[in-house]
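What follows is one structure encoded as structure tokens, with my remarks underneath.
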Amino acid sequence: MADLTQWNKRTGTGSGFSLKSFGIVMLQFILIAAMITGPGSGLAWAADEISRLVLNKNTLTLSEGDTYSLTATSVLVNGSTSDVTIKADWNSGDTNVATVYAGNVTAKKEGTATVTATYMGKTEVVNITVHKKVKSLSKDKTKLSKRVGQAPEQITLEAAYTDGTTEDVTAKAEWKSERDAVATVVNGKVTPVAAGETNVTATYGGKSVTIPVGVDIVRRIDPDPESVDLRVGGSSDVQLIAMFEDGATDDVADKAEWTTANGSIADVFKGKVTAYGAGQTTITGKYGGKSATIIVNVETVKRLEADKTDLFLKPEQSAPVVLTAYYADADNSSQVVTTKATWSSSDESIADVEDGVITAHSVGQATITASYGTKTVSITVDAGIARKLEANKTSLSMRKNGTEDVKLEAVFASGAKEDVTAQATWSSSDESVAYVSNGKVRANGSGEATIKAEYGDKSVSIPVRVDTARGLKATPSALDVKTGDSKTVKLEVTYADGTTEDVTAKAEWSSDKPEIADVIDGTITALGTGQAVITGKYGDKTAVVTVNVELAKKLKASKTDLFLKVGGTDNVTLEATFADGTVADVTTKAEWSSDDADVADVTDGKIKTYKSGQATITAAYGGKTVSVNVDVSVARKLDIDKKSLSLRKGDTAAALKLTAYYADGSNEPVTDKAEWSSDQEGVAIVSNGVIRAIDSGEAKITAKYGDKLVTVAVSVDPASKLEADKQRIELQPGSTADIALTATYADGKTEDVTGKAEWISSNESFATVSDGTVTAVARGEAVITAKYGKKTVKVYVSVGAIESLTASDKTLYLKEGEGKQIVLTSKYKDGMVKESTDEAEWTSSQPGIAEVSHGYVTGVASGKSTITAKVGEKSVTVVVQVELADKLTATHRSVVLRKGGEQQIGLTATYGNGTTEDVTNKAVWTVSSTKIADVNNGLVTAYESGRVTVTAKYGAKTISIPVDIDTATKIAINKKSTLLKTGQSEQLTVTATFSDGTTRDVTTEAEWTTRSFKIADVNEKGVVTAVGYGKTTISVKYGGKTASIPVEVDSLKYLKTSVKTIELKAGQSKQVALTATYKDGTEGEVAPLAEWKSSKDTVADVKDGTITAYGKGTATITAKFGGKTATLKVIVK
1 MADLTQWNKR TGTGSGFSLK SFGIVMLQFI LIAAMITGPG SGLAWAADEI
51 SRLVLNKNTL TLSEGDTYSL TATSVLVNGS TSDVTIKADW NSGDTNVATV
101 YAGNVTAKKE GTATVTATYM GKTEVVNITV HKKVKSLSKD KTKLSKRVGQ
151 APEQITLEAA YTDGTTEDVT AKAEWKSERD AVATVVNGKV TPVAAGETNV
201 TATYGGKSVT IPVGVDIVRR IDPDPESVDL RVGGSSDVQL IAMFEDGATD
251 DVADKAEWTT ANGSIADVFK GKVTAYGAGQ TTITGKYGGK SATIIVNVET
301 VKRLEADKTD LFLKPEQSAP VVLTAYYADA DNSSQVVTTK ATWSSSDESI
351 ADVEDGVITA HSVGQATITA SYGTKTVSIT VDAGIARKLE ANKTSLSMRK
401 NGTEDVKLEA VFASGAKEDV TAQATWSSSD ESVAYVSNGK VRANGSGEAT
451 IKAEYGDKSV SIPVRVDTAR GLKATPSALD VKTGDSKTVK LEVTYADGTT
501 EDVTAKAEWS SDKPEIADVI DGTITALGTG QAVITGKYGD KTAVVTVNVE
551 LAKKLKASKT DLFLKVGGTD NVTLEATFAD GTVADVTTKA EWSSDDADVA
601 DVTDGKIKTY KSGQATITAA YGGKTVSVNV DVSVARKLDI DKKSLSLRKG
651 DTAAALKLTA YYADGSNEPV TDKAEWSSDQ EGVAIVSNGV IRAIDSGEAK
701 ITAKYGDKLV TVAVSVDPAS KLEADKQRIE LQPGSTADIA LTATYADGKT
751 EDVTGKAEWI SSNESFATVS DGTVTAVARG EAVITAKYGK KTVKVYVSVG
801 AIESLTASDK TLYLKEGEGK QIVLTSKYKD GMVKESTDEA EWTSSQPGIA
851 EVSHGYVTGV ASGKSTITAK VGEKSVTVVV QVELADKLTA THRSVVLRKG
901 GEQQIGLTAT YGNGTTEDVT NKAVWTVSST KIADVNNGLV TAYESGRVTV
951 TAKYGAKTIS IPVDIDTATK IAINKKSTLL KTGQSEQLTV TATFSDGTTR
1001 DVTTEAEWTT RSFKIADVNE KGVVTAVGYG KTTISVKYGG KTASIPVEVD
1051 SLKYLKTSVK TIELKAGQSK QVALTATYKD GTEGEVAPLA EWKSSKDTVA
1101 DVKDGTITAY GKGTATITAK FGGKTATLKV IVK
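One point on numbering: in the UniProt record's numbering, the residue at position 213 of the sequence shown is 213, and numbering is uninterrupted.
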């Protein structure tokens, strides 16, 4: 029937049938239907009639290639609904832009198209906009920093499409500010509202970009000035200069939040500081998260000044002093505080003070002090005393019998001067040099003195020099003369005043060698050869003259070496070269001598020999000497034909030949003339160079002729090899061992020479030896050496030598105060084994940790020490651990607590020997933050939420236990999302999961927030209340973790009015119902909640769904609610 009705409507409209014809046809049709269906069927047909068709979208924006499913719902006149998406007839106005099939829209290319859905005569339209596919979005600004009051700033958004093209989509995009209270955004234009931070998000074509925005973000804040000085009642404006992120600065004093540390001293309002009481305080200004402080000084005295700082008064004379205080305020104000100040005198017997009036009482000096505030000032008072004395001359240089006048003036505190020469007391340190009376100085004798003038307590000294020589000079300063010559030297003095005088005749003269040169009144006479120093003295000055009398520069002998026979003679001449270059024969003038007159003597250069030998002749003249060596019948060298001999016992060697060589190059055989000897006649004897071997051994044959010697080494039966039957001996103290010694000779014969050899021990404290028998004395080592002929052999002896040393324990584990005995065993190299605990030397590397005595070790304190036992050169070590744990084990690996909660942690130590001990009360317990939690002997007490680490330390080991106080590993809200209606509330709960795996409902402990309280608000108990249409996020924070859920308020599937058309007369009113169908499928009357609007309020107006007609015409009434719109037509007749 419905299809027939539709057909009739279509054909009726198209054929031009009259209404009358249509009515006849319809009447016939109804009668036929009634006859077919029977009574009552007409009611069922009326109920299936559709009142309107509703689509889930009226507008749709897609990107190329996107799809979207539209739904069509039929609303029947009886109010029931049905999904007719498949049944509806769907068409696209431009299939090049978008196609549609069964409600499924596919975007083809950029453009617009209209999709129409038709069902049972009802048609609804969806406007489709297709954009090119957006690949990415880019913005021209990555961050904005704005100031309140600044002009809006434009952000440009550019879309990059998949086809490679780009487009400015600033105006097309959807813009949103996270915090409108900080900054708003419209089409990319950002307007700063208030200080803070927000994020601006632009969305277009399924892509989004975010730009952080900061408003009035302060980088730093500085006060100007940093300190203020005020008087009580005064005020001063200060500035608070904020530097913002963009580098700009501004005075924010009137915007800042101000506080004062002491309002009774000074307070502040909008940067204006007002002083109320004396003292110092600080004011603090806060703005934009930063703060700065300013020091305020009230009634602070910057300096204190007296109009007089020095006073000169006569006894009983008075003088006033004015005291002025200068304050550290902005005006640098001042005030006379003479009567307010505190006055004092360092000596009231000299001068006292009252309210600034100073009175002198007696002669002397006093200091007057005035104090006001924190400042003081001093005034020096001189009562009848000169401040200083001044003499018109500071030093005097005088000649004997001369006079000088000195004037003395006293300078007083007032600056006045007075001649006090006659009143002063004058004195001289040495009146034999200078005398003074009333300033007149008279020079009495040469020297130095000090003149002193005294007046009152002041004095002045003047040094005086009388006839004081500054220098003394002799001319010439050196002389070279011949014996008998005379020379005069000039002596000149220079006085302190620069004058000079010839004092040759006045000076005192002397000679250090008058036999060489003498002096009288500056005339020097040469008396003998040599050098003398002449000294001239005048006053305390001296000058010297060096005098050389016939001093030779060089002395040369005609011969320096002579060889003479006994009784021979020879002449030597001597030539001297003087300083002036002249040369003279001084043979007869020189002094000749011989070091051995029995061999050779000399007279005036003539040498005569007396016996064989050697002598040195010396000639001396003019400070020089020369020597002549004289050999008298003495061989310079002896030579023998053999240097060594090897003989067998009883052999006689051929006679040796001895030759003497003399200085003149001649030689002669002297074998029979020489003196022969043997140092070992038991081995070999000699006579006139013939050697006979007596016994085995070695001897040295010596031949002497004159003072020359020559030797020959003789070996009788020398061994070619020497062997001992032992190379090393191991003995214990007191034991002995025998060594046999065998000599092998060149002819191969051998002999036991144990008894003949020489035996030596390197250290008889350890071992001795006698004829090859070694006796051990004490523990140690020695080397036994046997010597026979030129051969030696060594035997090494060890007495009590230990091969190894063993301790009963390698490691000891002790408690404090506990002890244990270590047993020490020695194994000697001779195989003997014995306990050597008591004879060992015991030491501990850390006596403060472990002590040892005779091997008994005692634990002293926790730690590690090494015990060392030493016997001889061997030692062994034992490691001692005193309460030193190998491992610590806690009863809890982690702890989770509530604020105020407690948990006991136990601690067990495992030692190296495997034993364990509860050390909970012995350990040192610490916590990383005592503000959050504390620990005492393992008992942890929670104070504040957070995470800390509890650490236990014992026996050089530590263990850490994390403690979480109201700290969650994660939190979860009981819902993933929620849909609410305006005014509706819902309880959310949050569950925290802690590190130990436990969970707890922390809804009332958590911190709840909403992103937009205009849409939905949440209280501290997690109750969410819907406020207005929109989408927002509810967030919860607990124990450092956060969670959130999306909340939608008034989210509708569609909105409809109870009627589509109303006819009214002017003045009539009618209530229209507005029904919202929510996403959860429920429905509600929302007329009072919706936003109503009339297209022509002169025809009809509307309020909360009540429509009132005013004038003839047609108006469209629009209702908006939950993002949906519904319309109806009002006809006013």
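Virtual Cβ for every residue (Gly too), placed ideally from N, Cα, C. Predicted model, so just to flag it, every value in this text is computed and none were measured.
Using the beta-carbon count (16 or more within 10 Å), is T792 buried or exposed?
As a working note, residue 792 is residue 792 in the sequence shown. It counts as exposed.
Any contact between the segment 234-246 and the segment 302-313? By contact I mean 3 or more CB pairs, one from each, below 8 Å.
no
Determine which residues share a DSSP beta bridge with P223 and list them.
Your numbering for residue 223 matches position 223 in the sequence shown. Paired residues: L240.
Measuring alpha carbon to alpha carbon, tell me which of T1116, E158, P718 and G800 ends up nearest residue 1143.
Given that the chain is displayed from residue 1 to residue 1133, the structure contains no residue 1143 and the question cannot be resolved.
V716 versus G772 - alpha carbon distance:
Taking the sequence shown and counting its residues from 1, one reaches residue 716 at position 716. Taking the sequence shown and counting its residues from 1, one reaches residue 772 at position 772. Answer to the nearest angstrom: the Cα atoms are 23 Å apart.
Could I get the ranges of all uninterrupted beta strand (DSSP E) runs contained in the segment 143-190, with 3 residues as the minimum, in chain order?
144-146, 157-161, 166-168, 174-177 and 183-186
Got a sec, what are the start and stop residues for the beta strand (DSSP E) Q365 sits in?
Numbered from 1 along the sequence shown, position 365 holds the residue referred to as residue 365. Its beta strand (DSSP E) spans residues G364 to Y372.
Taking just the CA atoms, how far does T958 sit from K820?
Here residue 820 refers to the residue found at position 820 of the sequence shown. Here residue 958 refers to the residue found at position 958 of the sequence shown. The alpha-carbon atoms of K820 and T958 are separated by roughly 27 Å.
Out of A261, I241, A248 and A992, point me to the one whose CA is closest to K255's CA.
Within the sequence shown, the letter at position 255 stands for residue 255. Taking only the C-alpha atoms, the option nearest K255 is I241.
Suppose only complete runs of 4+ residues qualify. What are the alpha helix (DSSP H) ranges in the UniProt domain "BIG2" (718-798), listed by chain order?
none
For E902, report the span of its beta strand (DSSP E) as first-last.
By 1-based counting over the sequence shown, the position of residue 902 is 902. E902 -> beta strand (DSSP E) spans E902 to Q904.
Should the segment 609-621 be regarded as contacting the segment 668-686, the criterion being three or more beta carbon pairs within less than 8 Å?
no
Out of curiosity, what's the CA-to-CA distance linking V714 and L656?
As a first step, residue 714 is located in the sequence shown; it is residue number 714 there, counting from the start. As a first step, residue 656 is located in the sequence shown; it is residue number 656 there, counting from the start. Answer to the nearest angstrom: the Cα atoms are 12 Å apart.
Candidates V519, L638, T374 and L230: which alpha carbon is nearest T671's?
Your numbering for residue 671 matches position 671 in the sequence shown. Out of V519, L638, T374 and L230, L638 has the C-alpha closest to the C-alpha of T671.
Own chain residues within Cβ distance below 6 Å of A160, not counting five before or after:
Along the sequence shown, read from residue 1 onward, the residue named residue 160 stands at position 160. K135, S136 and T166, listed in sequence order.
Of the listed residues G247, V795, D66 and D595, nearest to T129 (C-alpha basis):
Working through the sequence shown from its first residue, we reach residue 129 at position 129. With distances taken between Cα atoms, T129 lies closest to D66.
For the beta strand (DSSP E) containing I534, list its first residue and its last residue.
Within the sequence shown, numbered from 1, the residue matching residue 534 stands at position 534. Element bounds for I534: G530 to Y538.
Of the choices Y621, G263 and K559, whose alpha-carbon is the least far from that of residue 1156?
Residue 1156 lies beyond the residue range present for the chain, which begins at 1 and ends at 1133; the question has no answer from this structure.
Have a look at D180 and E944 and give me their C-alpha separation to the nearest angstrom.
Numbered from its first residue, the sequence shown carries residue 180 at position 180. Numbered from its first residue, the sequence shown carries residue 944 at position 944. Approximately 35 Å between the Cα atoms of the pair.
With a 10 Å radius around its C-beta and 16 neighbouring C-beta atoms as the bar for buried, classify K1056 as buried or exposed.
If you number the sequence shown from 1, residue 1056 lands on position 1056. Answer is buried; the Cβ neighbour count reaches 16.
Please name the residue or residues paired with residue 1158 in a DSSP beta bridge.
In the structure displayed, the chain extends from 1 to 1133; residue 1158 sits before or after that span and is not available.
Expected contact under 8 Å - CB spacing of A72 and Y119 to nearest Å:
Residue numbering aside, residue 72 sits at position 72 when the sequence shown is read from its first letter. Residue numbering aside, residue 119 sits at position 119 when the sequence shown is read from its first letter. That pair is a contact at about 6 Å.
Note down, one range per segment and in chain order, each beta strand (DSSP E) of at least 3 residues found wholly within the segment 985-1062.
985-987, 990-994, 999-1001, 1007-1010, 1016-1018, 1023-1026, 1030-1038, 1041-1049 and 1052-1057
Bridge partners of Y287, per DSSP?
Against the sequence shown, residue 287 aligns to sequence position 287. According to DSSP, which records beta bridges pairwise, Y287 is partnered with K290.
Alpha carbon to alpha carbon, what distance is there between V381 and R387?
Taking the first residue of the sequence shown as position 1, residue 387 is located at position 387. Taking the first residue of the sequence shown as position 1, residue 381 is located at position 381. If you take the alpha carbons of R387 and V381, they lie about 11 Å apart.
Thinking just about the alpha-carbon of each residue, which of V833, K829, E841 and D964 is nearest to the one in H892?
Reading the sequence shown from its first residue, position 892 is the one you call residue 892. Closest in alpha carbon position to H892, among V833, K829, E841 and D964, is D964.
Report the rounded CA-to-CA distance for K1021 versus V1002, giving the unit in angstroms.
As a first step, residue 1021 is located in the sequence shown; it is residue number 1021 there, counting from the start. As a first step, residue 1002 is located in the sequence shown; it is residue number 1002 there, counting from the start. The straight-line gap from Cα to Cα measures roughly 10 Å.
Kindly examine the ligand HEM and report whether one of its heavy atoms sits closer than 7 Å to the Cβ of A453.
Among the components modelled here there is no ligand, and therefore nothing to report on the ligand HEM.
Here's a check: name, in chain order, each residue in its chain whose Cβ is nearer than 7 Å to the Cβ of K375, leaving out the five neighbours to either side.
As a position in the sequence shown, residue 375 is number 375, starting the count at 1. Counting only Cβ-Cβ distances below 7 Å, and skipping sequence neighbours, we find V301, R303 and L304.
Could you check how far apart the C-beta atoms of I379 and I358 are, in whole angstroms? I think they sit under 8 Å.
In the sequence shown, counting from the first residue as 1, residue 379 sits at position 379. In the sequence shown, counting from the first residue as 1, residue 358 sits at position 358. Indeed, because the Cβ distance is near 7 Å, the residues count as touching under 8 Å.
Quick check: the segment 145-159 against the segment 189-207, are at least 3 beta-carbon pairs closer than 8 Å?
yes
Three-state secondary structure (DSSP) at G206?
Working through the sequence shown from its first residue, we reach residue 206 at position 206. It is coil, neither helix nor strand.
Quick check on this structure: which residue in T908, R898, V833 and D809 has the alpha carbon closest to the alpha carbon of T866?
For the purposes of this step, residue 866 is taken as residue 866 along the sequence shown, with counting starting at 1. Of the candidates T908, R898, V833 and D809, the one whose C-alpha sits nearest the C-alpha of T866 is D809.
Starting from the C-beta of E1048, find all residues in its chain whose C-beta is less than 6 Å away, skip the five residues before and the five after it, and write them out in chain order.
Position 1048 of the sequence shown, counted from the start, is the residue given in the question as residue 1048. Closer than 6 Å at the Cβ level, and outside the excluded window around E1048, lie L979 and K1031.
So, with DSSP's three-state summary, where would you put Y253?
By 1-based counting over the sequence shown, the position of residue 253 is 253. A quick correction: the sequence has Ala, not Tyr, at residue 253. If DSSP states are grouped into helix, strand and coil, A253 belongs with coil.
From G271, G955, K787 and A202, residue whose alpha carbon lies closest to that of S227
Numbered from its first residue, the sequence shown carries residue 227 at position 227. With distances taken between Cα atoms, S227 lies closest to G271.
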